[in-house]
Amino acid sequence: MSSSLVGHIDQPSKKQIAGKAAANYSLVLGVVLSGDTASRSDAGNLFVAPRTHAMLAEAFRKTEGPVPWYADIVGQHLDPENPPRMKAVRAKPGQAILMHHQTVHGVGPNHSDEDRVNIYFRITSKGRPKGKLLSYPEAMRDPLRETPLLRELAEAQQQQRKG
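Just so we're aligned, residue -5 is where the sequence shown starts under the working numbering, counting upward by one.
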């Protein structure tokens, strides 16, 4: 199931100040604790917009210095006339969901009879340069900067497509 649900990217505080440097993480890890999100898409599922981490990185490359934060940072940088399609993530209790921090995401309504409980962890690479723990604009412009193994995998996939 896909949806036109408008998503967001996480920030550490709802008190983030417009125009100041946006914070970022390396990855978001979610663990499903309960709920029926494996067999249906209307049970409070996590929805993600595939490839939006790369779309936002491309938009952020057009800025210099720290990437400024706006309450609607997604709307500021992606085409509002052509919003990304959100896809439901289906997962059973005990399964983990791993996504890039800049992947646009949101949660759909829960129309099931079960409570849906997930726990999310925001992960920051231990290899970040000093002074860039909270805001690392270079990583916002290059989504694979902090995940060298994923970079290798992406490059191998590109080579396979060419060959």
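Glycine is no exception: its CB is placed at the ideal position from the N, C-alpha and C atoms.
If you're wondering where the values come from, they're calculated on a predicted model, not measured in any experiment.
- The three-state secondary structure of K14, taken from DSSP, is coil.
- Using a Cβ distance threshold of 9 Å, V68 and G24 do not count as a contacting pair.
- In the DSSP assignment, P62 is bridged to A15.
- The beta carbons of A85 and V26 sit closer together than 9 Å.
- For L40, the three-state secondary structure derived from DSSP is strand.
- Taking a C-beta distance under 9 Å as the contact criterion, S20 and S129 do not qualify as a contact pair.
- By the Cβ criterion, the region 35 to 44 is in contact with the region 107 to 116, since at least three pairs of Cβ atoms, one from each stretch, lie closer than 8 Å.
- When the Cα atoms are used, S28 and Q89 turn out to be separated by approximately 10 Å.
- Here P44 is near P78, since their CB atoms are less than 9 Å apart.
- With respect to the C-alpha of G13, the residue from K126, Q70, E132, Q96 having the closest C-alpha is Q70.
- Burial check for F115: the Cβ neighbour count within 10 Å stays below 16, so the residue is exposed.
- Beta-carbon to beta-carbon, R135 and R55 are separated by about 5 Å, close enough to satisfy the 8 Å threshold.
- No Cβ-Cβ contact shorter than 9 Å links H105 with H47.
- Separation of the CB atoms of L127 and Q96 is rounded to 17 Å, and the pair is thereby denied contact status at 8 Å.
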